[in-house]
Structures are given as C-alpha cells and as structure tokens.
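Asker: For reference, the structure I am asking about is given below.
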Amino acid sequence: MAGPKAIAFSVLIVFLLVAGILNVILNFEENKCEMTWMFEQPQYLRVPLPKAVTKKFPNYGLYVYGEGKYAEIVATMKLTGVPVLFIPGNAGSYKQARSLGSVAFRRVIDKDKRFHFNFFTVDLNEEFTGLYGAYLWQQTEFVHRAIKKIFTLYKEAEYKPTTVVLVGHSMGGMIARALFTLPDFNIQSVNTVFMQATPNQAPVVVLDADLADFYQKVNSYWKDHNNSTLKHVTLVSSGGGEYDVQVRGGLTPLDGIVEDSRAVSTSTTHTPKAWVSTDHRCIVWCKQVVFGFVRSLFDIMDEKKKKIQDDEEHRMSVFRHHFVQHPGTVGYIPKWSDEIKLDKNTEWTLINDQAFKWEKESVKTRTYLAIPVQDYEDVDHAVIVSNVMEDSWVCGCELKDGENKCATCTDLSSTGNVLPPLYSYKKVVHIDLNSDKMSKVTHILVLVPVIGNRVEVTGEIYAQDHRHLSNSLPGLVEVIMSYPESISKGTMVLDLGRAAFYKLKLYNLNNVVKVYTVRLETSKCTQEPNKDTNSGSILRFHVPWGNEDIYKYIEYGRSGNMSLKVQHIPPDPVITPYDPDFQFDALQVENDYVELYIHLDPTCSYKLRISMSFREMLGQFVRFYGILLPAFCVAVLLMALVYQLKTLAKGEFCVTDGFGTSSAYKPYFVVPFALVTQAVLQMKVVEKQLSSLFIPTPDIVTLDKQGISFRGAQLILFLVALAVSTFQAVVVYLVLEFNSRLLGLILGWLPSSVSRLGNSIAVIVCLASVGLSATVCGSIGIFVCHILGFLQLLRLCYQARQTKDPGTQSKYHFYQTVFMIWMWLLILNSPSLLVLGKSIESTNVIPLFSRDPSRIVGTLATVTFLCLILCNSPLSDRSSLRGISQFIHIMVTQMLVFAMVMLYRITYVVVASLVLIALTQLVGMLRSKRAERPKTE
C-alpha cells in the first residue's frame, strides 16, 4: 500500500484532472445556435438498390430527402435536380441530412431558382466507425455503390448530372475522401466535398490497427495525388471549435494533406455570419452554420447548365467568401469593379475628428461621409466600421485643387469583413494609407444610402505605432513570481482610452496548454446604453496560421471576457542547409505570435486586463494530452510489476502491491530511455531504414505534426500517470478489503468443498471465454476474466488477512498489480464490446467478426488467465524472473515510443508480459510436480 505522501499527491493530481475534465465538458457559454425549422413534414424515401448490393450490405440503405408535395415528386424516383449525398459519421443517423435538405429546398422556393438540389443520405446503421476501423472500408464501398445508383435516377432528366456533391459529417468526411482510393471509383464523378467536424489529420483515438491503416492509406493517397488526378476536387473542412469535445479543432484542418489552393480549412467560430462554437452533432443543424454551407452550394452552381461549376478556382473563391473572409455583401460577387461613379448632387458630410461616431435613426437623403486623410500628420492607417447595407460602401478618392467633390473613387469594400453580432450587418475595412492604392487618396468616403433603419458609422485615422502594439504574454514562472497581483489585477493591464481600434500582437502563446483570459472593461461612456442598437465592442482573437478566429461581442457600456487559446501550434520548420529559398525570419515571426483585434466605441474609454487562466489550462491539458495517459498509466503499472518480479527473484516476498516504495516507479528508469530511442529513430539516417526493417514511425512524429508536443511533456505525463495509478491502487485496495470482509462472512458458513467447486467452475468459465474470444469477440473473454479475476482476488485478500502467511500475502499483492493492469486491458478493448452490443441490437443475432481487432489479444489473454488459475503458487520458477523483469522493462520503454498515440499497441505489450509470467508459472508448476514424483513412489 502506498504511503501517506504518495496518496496525498495522487489525490491532488486526480482532483486537478477531474477539474480539467469538468472544464472541457462544462465550460460552455449558452448555445448560440439557432434551430432550423421545418414547414412541412420531412420524409426519407428509400431508394431501391440492386439485390447484389442489399445482399452484401443488408444493414445499409440509401434514401432521398423530401417534404410536403416535393416528397411526392421525389417518390417517383425520376429526379431532375443536382445530387448531393450526405454521409453520416461515427454512430450518426441518415436523418441528420434534414437541416441541409430543408434549408436548400426553402432557398430554392424563396429565390425562385430554376434549379434545385436532390439531397440523398446513406443509412450506415449508426456504426461506431470512430472506434472500429473495420467498418470504414465496407462503408466506403457501400457509398460507392450508392453513388452509382444515384446517377441511374436521372435517365429522364434534361440535364443529366455528371458529378455529385459529398457532405460528410465526422468520419463520414473521411469516407468521402476514401472513395477516391478505390480502384474502380470514377474520380471525375465528385468535384466538391464538404466536411463537418471531420478528424482529417488523425483519428481521435487509435484503438485498432485497421483505423490507423485506413487513415494512413487515405491521407497518403491525397498527399501523393492532390496535384495530379485529384486536382479538380475542392474541399471545405469545418471544425466545431472548443465546444466539440469529441473532435478537437486541431484535427479538422487539411493542412499538409491538400494544397491550400484547393481546400479551405476553418472553424465555425471563424465562419462569417456564424461565429458560434458547436458540439459534435450540433454542427449539422446549427442554423448559422447550415446557412453558410447552403449559400456556398448555391453560389458554385452553373445555373445555365444546372450543374456544379467545373472551374475549381471559381469554387475556391466562393468558399473563401463564405468561410474565410466575407466583405458583407448581400450575395457573392465574382469580380469587383475598381471604380465607383459618384453622384455630384449627393451631400458631403465632412468628418473632422480622428476618432468618430456618426449615427442616425434613419437616413432620408443619400449621404457621403468624407474623411480627410491628409489633414493629419503621422497617420498611416484607417479603420471604418458600419452597418450600411450596400455592397460598395467605402472608397477612396483624390480631391484635386479647385474641386469640391470627387467624380469617381476607388472601391475599398472588397477588403472588408463582416462583424458580429448576428443580424447587425456590421462590417469593417482596414486601410493602409501608405499602400500604392492609397498613395494619391485625399479622402475616404463612406457611401450611406437612403435607409429607414438606424445607421452607425464609426472609425478612426491613426498612427500604427499608437494602435498596433506588441506585448509578450507572461509565462507561468512570471505569474507565480508576481502573485497575488497577477491574479487579482491581471498580468497585463492596458488603458485604451477613447479610440475606435487597437491591434495587439501577443507573443509567447506557443503551447496549446497555455490559456489567457482577456477582460475588456468599459470605464466611462458619454451616451446612455440602448438595447435596441448594436453599438458596443468586439474582440477578435486571430490565429495567423489557421482559420480558427474567435469573436466576442460586448454590449455598449458593459464589460466582457474572452479566452485566448490555440487549437494547434505549427510544427517547427524543417531547415535544409544552404537552402536559398528558406526565409527563416518571416516564418519564425508568423509562427511566433497571435493577434487580438479590439473594435471599440469611441464614445467610451476602456481598460484591458490579461491574466493566465489556470482552470482552463487544466482543461487544455485534458483535451490534448488526456488521450496519451493510458500508455503512461500502463507503463507505471508494468514498472510496479517489474519491481515485484525482481523482489521475487531475490527469494523475498511481495510485501506491497508495488506502490509501497518509490524505487518501483521512478521516471528516470523509463523516460530517458524512451527519449533516447525517439531521438535515434528521428535521425535522417535511421529514419530512411525504418520501413525496410518493419519498424513503425515513433508516435512523437505524429504529435510534432499536430503541433502539440513540448519539452518535458513525457516526464509530466509519467508523473501524472503515477498519481493516477497510485489512486487506482488505493481504490482497488479499499474495494477489495471491504468486499473481502463480506466474502469472509459468507465463506465462514460454507464447507471447503464449495470453494473447490468454485475453482472448477472458474476453470470451465475461463475455457468457455477462450472459445468465445477465438470465435466471436476477443473482448468477451477479457471481460469475463476480469470478473473472475476480481472474485479470485477477493478470495486471496480474505485468505491473506486470515492466515497472515507471507506467501499468501505476496501472492495477493502480486495479483493485485496484475488485476490493475488487466483493468486497462479491458478498457482498451472495450470498443469491440460496444460494437458487438450494437450489432446484436440491430440484427438480433451474435455476429462473427471477420476482422476483430481484439481477437488475438483476447484469446491470448484468456489462455494466460486460465494458466494463472491452474497454477497454485505464483512464479515458483524464480531463476528466470530477473530476465523476464528486464524484458518487460525494455518493452515498457518502447511502449512509450510507439504506443502513446497508437493505443492498440499497449495491449500487445500487456499480453506479452502476462504470457511470459504465465509460462514461468507453468514451467515452475511442472518442475515442482516432477520433483514430487520420486517422493510419491
């Protein structure tokens, strides 16, 4: 049993982990997504498939969406629209296509379009594709067959479609990309793919080799062919932000997989006119997000030919407009006019203040707000924010000597971007007055049309040195050194005064665990707050290396908070010696800072406080590194087992469970060896030989590509795992002690023959579980043996307390460690049990999995457990224990190299260790029986 200090340390760490988990799942604002409403009854009409397809895929189906009278037309299966296929993801339903289909249908009616879309959706039996990789290829094959069937439904259409648009949610997006890897798939039949909350970079959790192999094949294919056979395909991948606790935002981009010229990777928090974070399922029905997808779908249409545009550059321009930078226009504008003709009869209103706010309840006559830019010294930038509902609303003109008005001006509206809140129609333009385009400009004009609603225009002409500031965010050590002021007052305080805009360039946010809270406090305003207006402040957290910006709107006169945290850090650049094209300074600067845009109301003064958020840092640690903890927890338990084996090899007894002495699990026994192995395998000379030697790539390479590795991470994870494992040992010990006392009361009334009968029953059950593991599902055997192991351990605990025999106590402590390792074996193989339960629920029969990832592990584990039951004395062959302990020690170090991310490899290390122990026991038992034979004779 661990000492008081170790227990106190483990309780503290577990408490912090629980706090981090709660922060991840509960630290949400109110869901800002609006619902998509139905006006008629939705219907999902099943599309008949060929008998060969239904026979091969009896649990799958193809449907087409319809509602009201439109559903009656669709039911004839004589379609004339543009086909769109929705592919659900992990445990997803085909009915999730409802929002997209309904919104697109209503938009056709409202806009009186001459074309429409047919939304198809596939029923994939809500299978757990995120946990069970064997499903992915068969789902991909079925979707391929479904696409072939879809094209056959347009035989009587005037414009027969040649392409189908794919929309994949979660793992459905991966299936959409996997289609192109099929040898008989017509890659020209798809030129547009939308992905919602799809983990493109890597699986969320890798619990079987099939899942890892699927990702490797699909992503490698796209990397190798995206500039050749896949050049015609354009993609949009959108993550849900921090509210999506299933797929974190850093996994959704297509960076490094598809060229930026043909893919847009974004987040719903960044998406113009959305600005919301969505949970994993909410992204398919969130109105703001769905509207963005549907608008882009309509804008990539060739209305004359009634099909998706063949021009990939046009499609990419549309996607950037709707998902990256939206200038606030009513519709998509393919090409902007550089020059605007001005009405000479329109009144000019001269703005004489550098920071200004012009507002009216309504505008009855067209007005030009004229902002002179050459009347001020040392100004080089301007910012204009308005809610003017015009496409071309701001321009620059040169007022020549002798003229009182400009006849034409240069349009600047295309460089703008919309701002929250939703339905405010706010948009902003940032203007560099030193640019070539503005070199001769004397006035910036804001073109205000006649409008019956309230109009607000705010702006400022300023010097970059006064408004674009650079600051270094304080590190953890600085925060601790400045305590308590760093907590009570903030680690950085800025007085912003009366201004319209500030931009802060913030350095040192170079780790995904770091989180800072920004608080904008309104100190004094010259006007009274009005709830009917959208006046107020806007914070925008901009990440230069990804479209994952976050917006925060703060009402006029109020204060508000925003969290600064990133989803991933760009990996360090690979520098080739003497590379003349490498620009180190530019790349280093790009990856070294984030930006905070602060749009203010110039009628108020403000104060900005930035402080480190320890609570959200715990949440970030759990979000990014929690999935790595199983490898380290198993490593700690195996090192405890190694210590016990060495103790038995000396002829001594296991007086503790392996956690009673710190020498059992010191990190320098494991972590340095793992780090050295990683360093050697990452050497270019060695790296080239890995594939030929059948050595997998170390997991640290994956973490580096995802931008979430940092120095000392493995040491911290090992110490955290040590605390978790100690806590696990304490809980197991208390449960066993309590239940063994109850067992003692029962056993006290039962004869010894019942105990022997119990052993026989355990052996029979274990034999049956071996058969089930080999034929049905390996996880069944692991689960059954887990229950049997607990019962056996209860009996050992009772015997150890009753007899006080050192040998019995040693056996009890040893098997307690084995039991805790077995618990992790069960956890890591539990997805197969979930898949089995889901299959039985849908088919009412026990399926025989052809590719069960737990079969080999489960069969070996149950056979091993059977050997442990049959052997009366644990590890009686002490001569080989030291060699076994050293071999397990080596496997543990390698496990931290190859199984941090690829969790399924942990089970191989665990089973190999248990097999070695079981073989040792069997050899010892056979030797002891052989030695007893002469005495018996």
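In this note's numbering, the protein residues as written are 96 to 1032.
Idealized CB from N, CA, C, for every residue including glycine.
Does DSSP classify residue 465 as helix, strand or coil?
Answerer: For the purposes of this step, residue 465 is taken as the residue at position 370 of the sequence shown. Strand at residue 465.
Asker: On the criterion of 16 or more Cβ atoms from any shown chain inside 10 Å, does residue 298 qualify as buried, or is it exposed?
Answerer: For this step, residue 298 is matched to residue 203 along the sequence shown. With 16 or more other Cβ atoms within 10 Å, it is buried.
Asker: From residue 621 to residue 696, what does the alpha carbon distance come to, in whole angstroms?
Answerer: As a first step, residue 621 must be located in the sequence shown, where it is residue number 526. As a first step, residue 696 must be located in the sequence shown, where it is residue number 601. If I take the Cα positions, the gap works out to 10 Å.
Asker: Given a cut-off of 8 Å on the beta-carbon distance, is the pair residue 394 and residue 413 in contact?
Answerer: For this step, residue 394 is matched to residue 299 along the sequence shown. For this step, residue 413 is matched to residue 318 along the sequence shown. Closer than 8 Å, so yes.
Asker: Between the C-alpha atoms of residue 304 and residue 952, what's the straight-line distance to the nearest angstrom?
Answerer: As a working mapping, residue 304 is identified with position 209 in the sequence shown. As a working mapping, residue 952 is identified with position 857 in the sequence shown. Approximately 12 Å, taken between the alpha carbons.
Asker: For the alpha helix (DSSP H) containing residue 338, name the first residue and the last one.
Answerer: Mapped onto the sequence shown, residue 338 falls at position 243. No alpha helix (DSSP H) holds residue 338; DSSP gives it neither H nor E.
Asker: For my contact list, residue 520 and residue 602 are in at a C-beta cut-off of 8 Å; report their separation, rounded to the angstrom.
Answerer: Indexing the sequence shown from 1 puts residue 520 at position 425. Indexing the sequence shown from 1 puts residue 602 at position 507. Not really, about 35 Å apart at Cβ, beyond 8 Å.
Asker: May I ask you to verify whether the region 607–618 touches the region 452–464, counting CB pairs closer than 8 Å and requiring at least 3?
Answerer: no
Asker: Going by CA-CA distance only, name the one from 254, 340 and 411 that's closest to residue 50.
Answerer: The requested residue 50 is not part of the displayed model; the chain covers only 96 to 1032.
Asker: Can you name the residues that DSSP bridges to residue 235?
Answerer: Start at 1 with the first residue of the sequence shown, and residue 235 comes out as number 140. DSSP lists no partner for residue 235.
Asker: List the residues that DSSP assigns as beta-bridge partners of residue 412.
Answerer: The residue labelled residue 412 in the question sits at position 317 within the sequence shown. Paired residue(s): none; residue 412 is not in a bridge.
Asker: Can you give, in chain order, each stretch of the alpha helix (DSSP H) that sits fully within the region 866–937 and has at least 4 residues?
Answerer: 873–898, all fully within the region 866–937.
Asker: For the region 249–314, list the alpha helix (DSSP H) runs that are entirely contained and at least 4 residues long, ordered along the chain.
Answerer: 266–273
Asker: Going by Cα to Cα distance, which pick from 193, 283, 904 and 307 is closest to residue 294?
Answerer: Working through the sequence shown from its first residue, we reach residue 294 at position 199. Ranking the options by Cα distance to residue 294, first place goes to 307.
Asker: Hey, would you say residue 518 sits closer than 8 Å to residue 564, going by beta carbons?
Answerer: For this step, residue 518 is matched to residue 423 along the sequence shown. For this step, residue 564 is matched to residue 469 along the sequence shown. Not a contact, by the Cβ cut-off of 8 Å.
Asker: Under the three-state reduction of DSSP, which class applies to residue 559: helix, strand or coil?
Answerer: Your numbering for residue 559 matches position 464 in the sequence shown. Of the three classes helix, strand and coil, the one that applies to residue 559 here is helix, per DSSP.
Asker: I need the DSSP call for residue 591, collapsed to helix, strand or coil.
Answerer: By 1-based counting over the sequence shown, the position of residue 591 is 496. Note: residue 591 maps to strand in three-state DSSP.
Asker: Specify, as a first and last residue, the run of the alpha helix (DSSP H) that residue 149 falls within.
Answerer: The residue labelled residue 149 in the question sits at position 54 within the sequence shown. Looking at the DSSP string, the run of the alpha helix (DSSP H) that includes residue 149 is 146–151.
Asker: Whether or not the region 782–799 and the region 986–1005 are in contact is what I'm after, with contact meaning three or more pairs of Cβ atoms, one per stretch, closer than 8 Å; do they touch?
Answerer: Output reads yes: the region 782–799 touches the region 986–1005.
Asker: Ignore the nearest five residues each way along the sequence and tell me which others in residue 642's own chain have a CB closer than 7 Å to its CB.
Answerer: If you number the sequence shown from 1, residue 642 lands on position 547. If we look at residue 642 and ignore the five residues flanking it on each side, its Cβ neighbours are 360, 361, 362, 365 and 419.
Asker: Based on the DSSP output, what are the partners of residue 706 in its beta bridges?
Answerer: Along the sequence shown, read from residue 1 onward, the residue named residue 706 stands at position 611. Residue 706 pairs with 612.
Asker: Which residue from 766, 936, 1013 and 963 puts its Cα closest to that of residue 984?
Answerer: Along the sequence shown, one-based indexing puts residue 984 at 889. Checked all of 766, 936, 1013 and 963; the closest Cα to residue 984 is 766.
Asker: Which of helix, strand or coil does DSSP assign to residue 618?
Answerer: As a working mapping, residue 618 is identified with position 523 in the sequence shown. Residue state, collapsed to three classes: strand.
Asker: By alpha-carbon positions, which one of 172, 351 and 837 ends up nearest to residue 313?
Answerer: Sequence index remark: in the sequence shown, residue 313 carries index 218 (1-based). Among 172, 351 and 837, the Cα nearest to that of residue 313 is on 351.
Asker: Specify the secondary structure class of residue 432 as computed by DSSP and reduced to three states.
Answerer: In the sequence shown, the residue the question calls residue 432 occupies position 337. If DSSP states are grouped into helix, strand and coil, residue 432 belongs with coil.
Asker: Which residues share a DSSP beta bridge with residue 646?
Answerer: As a first step, residue 646 must be located in the sequence shown, where it is residue number 551. Its beta-bridge partners are 635.
Asker: Output the distance between the C-alpha atoms of residue 230 and residue 922, rounded to the nearest integer angstrom.
Answerer: By 1-based counting over the sequence shown, the position of residue 230 is 135. By 1-based counting over the sequence shown, the position of residue 922 is 827. For residue 230 and residue 922, the distance between alpha carbons rounds to 20 Å.
Asker: Given this structure, state the Cα-to-Cα distance separating residue 435 from residue 138, to the nearest angstrom.
Answerer: If you number the sequence shown from 1, residue 435 lands on position 340. If you number the sequence shown from 1, residue 138 lands on position 43. Between residue 435 and residue 138, the C-alpha separation is close to 49 Å.
Asker: Give me the Cα-Cα distance between residue 487 and residue 454, rounded to the nearest whole angstrom.
Answerer: Locating residue 487 in the sequence shown gives position 392, counting from the first residue. Locating residue 454 in the sequence shown gives position 359, counting from the first residue. Each residue's Cα considered, the two are about 19 Å apart.
Asker: Is residue 223 near the ligand ZN, with its Cβ less than 7 Å from a heavy atom?
Answerer: As for the ligand ZN, it is missing from this structure, which has no ligand bound.
Asker: Kindly indicate which three-state DSSP category residue 422 falls into: helix, strand or coil?
Answerer: Your numbering for residue 422 matches position 327 in the sequence shown. Coil, per DSSP.
Asker: Does the contact criterion of 3 or more C-beta pairs under 8 Å hold for the region 806–824 versus the region 105–112?
Answerer: The region 806–824 is in contact with the region 105–112.
Asker: Round the Cβ separation of residue 1012 and residue 964 to the nearest angstrom and send it over; I've been treating them as touching at under 8 Å.
Answerer: What you label residue 1012 is simply residue 917 of the sequence shown in a count that begins at 1. What you label residue 964 is simply residue 869 of the sequence shown in a count that begins at 1. Not really, about 13 Å apart at Cβ, beyond 8 Å.
Asker: Have a look at residue 490 and residue 529 and give me their C-alpha separation to the nearest angstrom.
Answerer: Counting from one through the sequence shown, the residue named residue 490 turns up at place 395. Counting from one through the sequence shown, the residue named residue 529 turns up at place 434. Using only the alpha carbons, I get a separation of about 15 Å.
Asker: Kindly give me the distance between the Cβ atoms of residue 516 and residue 625, rounded to whole angstroms, as I take these residues to be in contact under 8 Å.
Answerer: As a first step, residue 516 is located in the sequence shown; it is residue number 421 there, counting from the start. As a first step, residue 625 is located in the sequence shown; it is residue number 530 there, counting from the start. Not a contact, Cβ separation roughly 14 Å.
Asker: Which residue marks the beginning of the beta strand (DSSP E) containing residue 138, and which one marks its end?
Answerer: Mapped onto the sequence shown, residue 138 falls at position 43. Looking at the DSSP string, the run of the beta strand (DSSP E) that includes residue 138 is 137–141.
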